[in-house]
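Remarks on the structure that follows.
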Amino acid sequence: MRTVKWVFAFLGLMVAFALAAYGLYWYQLKRELDSTLNGLNPLLQVSYNRLVLSPFGEVKIQGIRIMPLGQANPFLIDTLLMRSRDPAFWLNPGATLNRESVPNDLHVSMTGLTLDFNSPLFTSFEHMAKQLMSDTPPSHVSPIAFGCGNVRSFDLTTLRMIGMRLVQTDFYFNWQRLDENRVQLDVNANVKDWWQIDFSAVLGLTLRQASNLREVPGVLNAKLRYSDEGFNRRRGEFCSTQSQVSPAQFYLNHGLMIQDWLRERGVEQRAP
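Per this note's numbering, the sequence shown starts with residue 7, numbered consecutively.
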């Protein structure tokens, strides 16, 4: 009976130590996070509702609000999830990177980023873009707008006209060391109901580069995939109206103009 009591006492002590270690880790990480966010003032005011930690190196921040200086509408992010096999990395990631080293694996995902293209911030971006394009010849047309009537480019004004006003975006980044000379990089950006972009690459690192972020790694192979989830359809409907042709005729005209544009620039085209 006494042995059983000692076993339960030992287990209780281990649980107490684990809870104390978790509490200390949570406190230190929250202090580091709050210090970093406070350093963004006054340019950005960032707040969040909840910080959740996992003993396996996973950090989840929920209910993020980002308020740029001089703006009335914040950016909203449902969840920011960060994961590494080295839990200590998140206590001071800046110091780790300054030592020119990174964890062997790193995962960052952001879900539910809400962007309002009618907000004053995007309106100011749009104004700056128009100023930068003021010297562009009136005859210049962006390739994406070929065959789209009088539309010269798909700027924010045009995107709003096709219904892209309030969008939600999910973003995923994954870095994994395959061996001391190779790294697998995967990036995914999903603009819901519009498009999705996937990029993956295997990066080749020298022994020095493997521990030095200031060196640019070489790309051994890379893949880029675009998946349309509504943008092309809405662009086709919009441009067919602007050019007063059917959507099918717009796509045909657009494709022929793209081929001519590539041919003028010496790009070799092969039949599929």
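Glycine is no exception: its CB is placed at the ideal position from the N, C-alpha and C atoms.
Just so we're clear, the structure is a prediction, and the values are computed from it rather than from any experiment.
> Any idea what DSSP makes of T117, helix, strand or coil?
Replying inline: strand
> Mind checking H260: buried by the 16 CB within 10 Å criterion, or exposed?
Replying inline: buried
> Nearest-angstrom Cα distance between S304 and A228?
Replying inline: Any property of residue 304 remains undetermined from this structure, which presents the chain solely from 7 to 278.
> Helix, strand or coil for T129 per DSSP?
Replying inline: helix
> Is the beta carbon of R231 less than 8 angstroms from the beta carbon of V208?
Replying inline: no
> Which runs of the alpha helix (DSSP H), 4 residues or longer, sit entirely within the stretch 50-94?
Replying inline: none
>> For G69, which residues in the same chain have their Cβ closer than 7 angstroms to its Cβ, ignoring the five residues on either side in sequence?
In response: Y54, N55 and R56
>> What residue range does the beta strand (DSSP E) around F123 cover?
In response: It is not in any beta strand (DSSP E) - F123 carries neither H nor E in the DSSP assignment.
> If you drop the 5 nearest sequence neighbours on each side, which residues of the same chain put their C-beta closer than 6 angstroms to that of L184?
Replying inline: Q190
>> If I follow the unbroken beta strand (DSSP E) through W267, where does it start and stop?
In response: Looking at the DSSP string, W267 is not in any beta strand (DSSP E); the run it does join, the alpha helix (DSSP H), is P253 to E270.
>> Counting C-beta neighbours from all protein chains within 10 Å, is the total for T247 16 or more, i.e. buried, or is it exposed?
In response: exposed
>> Under 7 angstroms: does the beta carbon of F237 sit that close to some heavy atom of the ligand SAM?
In response: Among the ligands in the structure shown, none appear at all, so the ligand SAM cannot be discussed.
> Which one of E132, F177 and L162 has the shortest CA to CA distance from G118?
Replying inline: F177
> So what does DSSP say about I203, is it helix, strand or coil?
Replying inline: strand
>> Considering just the uninterrupted stretch of the alpha helix (DSSP H) at R188, what are its terminal residues?
In response: That residue, R188, is in no alpha helix (DSSP H); its beta strand (DSSP E) goes R188 to V197.
>> Rounded to the nearest angstrom, what separates S125 and E235 at their Cα positions?
In response: 24 angstroms
> Can you tell which of T42, G63, P48 and M88 has the C-alpha that lies nearest to the C-alpha of W179?
Replying inline: The sequence shown places Phe at residue 179, rather than the Trp named in the question. Taking only the C-alpha atoms, the option nearest F179 is M88.
> Roughly how many whole angstroms lie between the Cα atoms of V251 and G272?
Replying inline: 30 angstroms
>> For G242, report the span of its beta strand (DSSP E) as first-last.
In response: Counting along the chain, G242 falls outside any beta strand (DSSP E), though it belongs to the alpha helix (DSSP H) covering F237 to S249.
> What's the gap between the Cα of R171 and the Cα of F123?
Replying inline: 5 angstroms
>> In whole angstroms, give me the CA-to-CA distance for M263 and Q174.
In response: 32 angstroms
> Any idea if T129 is buried or exposed, counting beta-carbon neighbours within 10 angstroms, 16 or more meaning buried?
Replying inline: exposed
>> Less than 7 angstroms between C-beta atoms, sequence neighbours within five positions excluded: which residues of the same chain meet that for D204?
In response: N194 and R231
> Is the distance from the Cβ of W201 to the Cβ of D111 below 8 angstroms?
Replying inline: no
> If you follow the beta strand (DSSP E) that T175 is part of, which residue opens it and which one closes it?
Replying inline: L172 to D185
> Residues bridged to N110 by DSSP?
Replying inline: Bridge partners of N110: none, in fact.
> Which first and last residues belong to the alpha helix (DSSP H) in which R166 is found?
Replying inline: L162 to M167
> Looking at C-alpha atoms only, which residue of V114, N79 and W267 is the closest neighbour of F152?
Replying inline: W267
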